[in-house]
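Asks: For what it's worth, the numbering used here labels the leading residue of the sequence shown as 3, then goes sequentially.
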Amino acid sequence: MASKVVIVGGGVIGSSVAYFLRATDPSVEVTVIERDPTYARSSSALSAASIRQQFSTPLSVRMSLYGIEFLRSIGGRLEVDGERPSIDLHEGGYLFLATARGEATLRENHALQRELSADISLLDTPQLRSRFPWLNTEDLAAGAFGESGEGWFDGYGLVTALRRKARALGARYVASDVIGLECSGRHVTGVRASNGETYACDVVVNAAGAWSRSIAAMLGIDLPVYARRRSIFNVSSPARLDACPLLIDPSGVYFRPEGRTWICGTSPAADNDPDDLPLDEVDHALFDDVIWPTLAHRVPQFEALRVERSWSGYYEYNVLDHNAIIGYHPDIDNCVFANGFSGHGLQQGPATGRGVSELILDGKYSTLDLSSLNWARVLEGRPIVEKNVV
Ligand SMILES: Cc1cc2nc3c(=O)[nH]c(=O)nc-3n(C[C@H](O)[C@H](O)[C@H](O)COP(=O)(O)OP(=O)(O)OC[C@H]3O[C@@H](n4cnc5c(N)ncnc54)[C@H](O)[C@@H]3O)c2cc1C
């Protein structure tokens, strides 16, 4: 029975685990060691903060179905002293677009999503034109649109609400850098921090996001998760786009409303995506060469736009299959990993926090079974590929 849990990293994953542990079993001592309480470099604070059901694997769809349920009810769940957090959830939908080449995959994914009760409509081009008259559909064959349950919210607000509630329930947050893990055989006995303290643990959770590979290395474990920089551009334009969703172009370029402006981005080409690029730089060439031409083609009104600001964050990128790795490693008895979300960890935070808490407290999942995301597939080289990585 775990009575002391130490969590490395207090972003959405670490704070969600802390919240669910304390909410479920107040006798468990929970310590979260987070080196940066401002979250200035944390992915959770730098993301596009959006949620969708349009994934290609059943478990990802189910995790996000729970994610939206959690976000919709966050005011009551995470209320502290009568204050109900608001994360400004807009269920504006995702619109995945496909050319003739991608249509079969879009239809296949849509069938799976519908089977799992996700509220997604498949639209042909006349329907696309009628619902989104500002869209250029000349090269499109179809689109899949989230009628409800998909949209965007305040990601930083989610993390701070989870942290505040976890603390109110008795979790302790320590502002320090984890610099070592002390082991006795297959057992982690303590977590060493740069403040000079060693925190004794029955279970340690690696929730260190894009830095989780270095925490795994402290145990001699090779975690295939790397820090891959992604830039977001906030643009203004005189364009008027009624009922604008989060649109995913067939090229992978995305944009969505952000107040009266828009944010947009895309992933760089796979052969030009090195690890650990500096976060204080932004890939302006990607905007000029790829994003802007794509936006102007898809939405002619975007011919006129201006970049107002931009920033970069890290995807904690699982190079095996772009899906999270969640669970114990077979060589270590008491370290739970929750890493490698590859661009969809914010929305999977609630399902992950609940699942990891169950795994620690009960030794098994009792709600949503996350066991297919465990280490076995990594060690056996059996990817569960998520096709819809945005
Ligand atoms: C540009 C961009 C857009 C994204 N868009 C979306 C989106 O629309 N929807 C979505 O669901 N997801 C999105 N994501 C992904 C999402 O942000 C991440 O998957 C998620 O935030 C990961 O959460 P985390 O808690 O694991 O990582 P983080 O939020 O990075 O938290 C990890 C924490 O660990 C701390 N830490 C690391 N090492 C140590 C150490 N040694 N000692 C102490 N503390 C340590 C760090 O300071 C950090 O705060 C996006 C990411 C980026 C970069």
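Note that the Cβ used here is the ideal one computed from N, Cα and C, for glycine as well.
Let me know the secondary structure DSSP gives D141 once reduced to three states.
Replies: Position 139 of the sequence shown, counted from the first residue, corresponds to residue 141. Coil, per DSSP.
Asks: What separation, rounded to the nearest whole angstrom, lies between the Cα atoms of S448 and Y367?
Replies: This structure gives no information on residue 448, because the portion of the chain shown stretches from 3 to 392.
Asks: Return the CA-CA distance between R174 and V34, expressed in angstroms with no decimal places.
Replies: Numbered from 1 along the sequence shown, position 172 holds the residue referred to as residue 174. Numbered from 1 along the sequence shown, position 32 holds the residue referred to as residue 34. Rounded to whole angstroms, R174 to V34 spans 6 Å at the Cα level.
Asks: Just the Cα atoms here: how many angstroms apart are V292 and D333?
Replies: Translated into positions along the sequence shown, residue 292 becomes position 290. Translated into positions along the sequence shown, residue 333 becomes position 331. When rounded, the distance between both Cα atoms is 44 Å.
Asks: Is the closest heavy atom of ligand 1 to the C-beta of E36 under 8 Å?
Replies: Counted from its first residue, the sequence shown places residue 36 at position 34. Yes.
Asks: May I have the straight-line CA-CA distance separating A245 from G94, to the nearest angstrom?
Replies: Counting from 1 along the sequence shown, the entry for residue 245 is found at position 243. Counting from 1 along the sequence shown, the entry for residue 94 is found at position 92. Going from the Cα of A245 to the Cα of G94 covers about 7 Å.
Asks: With a threshold of 8 Å, establish whether the CB of S216 neighbours any heavy atom of ligand 1.
Replies: The sequence position of residue 216 within the sequence shown is 214, counting from 1. Yes - ligand 1 has a heavy atom lying nearer than 8 Å to the Cβ of S216.
Asks: Can you tell me whether DSSP reads L23 as helix, strand or coil?
Replies: Here residue 23 refers to the residue found at position 21 of the sequence shown. Looking at L23 - three-state DSSP - the assignment turns out to be helix.
Asks: Report buried or exposed for G261, applying the criterion of at least 16 other Cβ atoms within 10 angstroms of its Cβ.
Replies: In the sequence shown, counting from the first residue as 1, residue 261 sits at position 259. By the 10 Å Cβ count, G261 comes out exposed.
Asks: Quick one: grab the DSSP three-state call for G77.
Replies: Position 75 of the sequence shown holds residue 77. Note: G77 maps to helix in three-state DSSP.
Asks: At a cut-off of 8 Å, would you count W294 as near ligand 1, judging by its Cβ distance to the nearest heavy atom?
Replies: Along the sequence shown, read from residue 1 onward, the residue named residue 294 stands at position 292. No - ligand 1 has no heavy atom lying nearer than 8 Å to the Cβ of W294.
Asks: Return the residue from the list C185, G198 and S196 that minimises the CA-CA distance to D410.
Replies: The structure shown does not extend to residue 410, since the chain is modelled only from 3 through 392, so no value can be given for it.
Asks: Measure the C-alpha to C-alpha separation of S46 and R194 and round it to an integer number of angstroms.
Replies: Stepping through the sequence shown from its first residue, residue 46 is reached at position 44. Stepping through the sequence shown from its first residue, residue 194 is reached at position 192. Cα-Cα distance, rounded: 24 Å.
Asks: Mapping the DSSP letters down to three states, classify P252 as helix, strand or coil.
Replies: On the sequence shown, residue 252 is found 250 positions in, with the first residue counted as 1. In the structure shown, P252 sits in coil (DSSP, three-state: anything other than H, G, I, E or B).
Asks: Classify H189 as helix, strand or coil using the three-state DSSP reduction.
Replies: Walking along the sequence shown from the start, residue 189 turns up at place 187. Correct three-state label for H189: strand.
Asks: With a threshold of 8 Å, establish whether the CB of Q64 neighbours any heavy atom of ligand 1.
Replies: Indexing the sequence shown from 1 puts residue 64 at position 62. First, the residue type needs correcting, since residue 64 is Arg and not Gln in the sequence shown. No; taking the cut-off as 8 Å, the Cβ of R64 has no heavy atom of ligand 1 nearer than that.
Asks: Counting Cβ pairs closer than 8 Å, one from the stretch 333-350 and one from the stretch 202-219, do we hit at least three?
Replies: With a cut-off of 8 Å, the stretch 202-219 and the stretch 333-350 count as touching, because enough Cβ pairs lie within range.
Asks: Helix, strand or coil: how does DSSP classify G84 here?
Replies: In the sequence shown, the residue the question calls residue 84 occupies position 82. Note: G84 maps to coil in three-state DSSP.
Asks: Would a C-beta distance cut-off of 9 Å place Y158 and A50 closer than the cut-off?
Replies: As a first step, residue 158 is located in the sequence shown; it is residue number 156 there, counting from the start. As a first step, residue 50 is located in the sequence shown; it is residue number 48 there, counting from the start. Cβ distance not < 9 Å, so Y158 and A50 don't count as in contact.
Asks: Just grab the DSSP bridge partners of K6 for me.
Replies: Here residue 6 corresponds to residue number 4 of the sequence shown, with the count starting at 1. In the DSSP output, where bridge partners are listed per residue, K6 has E31.
Asks: Have a look at G267 and L288 and give me their C-alpha separation to the nearest angstrom.
Replies: Indexing the sequence shown from 1 puts residue 267 at position 265. Indexing the sequence shown from 1 puts residue 288 at position 286. Between G267 and L288, the C-alpha separation is close to 9 Å.
Asks: Buried or exposed: T87, going by 16 or more other Cβ atoms within 10 Å of its Cβ?
Replies: Taking the sequence shown and counting its residues from 1, the one referred to as residue 87 is at position 85. Sequence inspection shows Pro at residue 87; the Thr mentioned does not correspond to that position. So P87 ends up on the buried side.
Asks: Unbroken beta strand (DSSP E) runs of length 3 or more, entirely within the stretch 264-339: which are they?
Replies: If we require 3 residues or more, the beta strand (DSSP E) runs fully inside the stretch 264-339 come out as 308-320 and 327-330.
Asks: DSSP has L184 in a bridge; who is on the other side?
Replies: Locating residue 184 in the sequence shown gives position 182, where the first residue counts as 1. In the sequence on display, residue 184 carries Glu and not Leu. Per DSSP, G192.
Asks: Measure the beta-carbon distance from R242 to V227 and round it to whole angstroms, keeping in mind my assumption that it falls under 8 Å.
Replies: The count along the sequence shown starts at 1 and reaches residue 242 at position 240. The count along the sequence shown starts at 1 and reaches residue 227 at position 225. Contact doesn't hold; Cβ gap of about 41 Å is too wide.
Asks: Check whether the Cβ atoms of L23 and D251 lie closer than 9 Å to each other.
Replies: If you number the sequence shown from 1, residue 23 lands on position 21. If you number the sequence shown from 1, residue 251 lands on position 249. Their beta carbons are not under 9 Å apart, which means L23 does not touch D251 by this criterion.
Asks: Just verifying my parser: in three-state terms, what is the DSSP assignment at Y228?
Replies: Your numbering for residue 228 matches position 226 in the sequence shown. Note: Y228 maps to strand in three-state DSSP.
Asks: Just list the residues that DSSP pairs H92 with in beta bridges.
Replies: Residue mapping note: residue 92 aligns to position 90 of the sequence shown, counting from 1. Paired residue(s): W154.
Asks: Have a look at the DSSP bridge pairing and note the partners of F98.
Replies: Taking the first residue of the sequence shown as 1, we reach residue 98 at position 96. In the DSSP output, where bridge partners are listed per residue, F98 has A146 and I250.
Asks: Report the residue ranges of all alpha helix (DSSP H) runs contained in full by the stretch 203-227; include only those spanning at least 4 residues, in chain order.
Replies: Those alpha helix (DSSP H) runs which fall completely within the stretch 203-227 and span 4+ residues are 214-219.
Asks: At a cut-off of 8 Å, is L23 close to ligand 1 when judged by its beta-carbon and the heavy atoms of the ligand?
Replies: On the sequence shown, position 21 is the one that residue 23 refers to. Not so, every heavy atom of ligand 1 lies at least 8 Å from the Cβ.
Asks: Decide if A106 is buried, meaning its Cβ has at least 16 other Cβ atoms within 10 Å, or exposed.
Replies: Residue mapping note: residue 106 aligns to position 104 of the sequence shown, counting from 1. The residue is exposed, with fewer than 16 neighbouring Cβ atoms inside 10 Å.
Asks: Using 8 Å as the cut-off, classify the Cβ of Q56 as near or not near the heavy atoms of ligand 1, replying yes or no.
Replies: As a working mapping, residue 56 is identified with position 54 in the sequence shown. Result no, Cβ not under 8 Å from ligand 1.
Asks: Determine the direct distance from the alpha carbon of V19 to that of Y201, and round the result to whole angstroms.
Replies: Residue mapping note: residue 201 aligns to position 199 of the sequence shown, counting from 1. Residue mapping note: residue 19 aligns to position 17 of the sequence shown, counting from 1. If you take the alpha carbons of Y201 and V19, they lie about 18 Å apart.
Asks: In the structure shown, what three-state DSSP assignment does N111 receive?
Replies: Looking up residue 111 in the sequence shown gives position 109. N111 falls in the helix class under three-state DSSP.
Asks: Locate the beta strand (DSSP E) running through S45, then write down its first and last residues.
Replies: By 1-based counting over the sequence shown, the position of residue 45 is 43. No beta strand (DSSP E) holds S45; the alpha helix (DSSP H) holding it covers S45 to L48.
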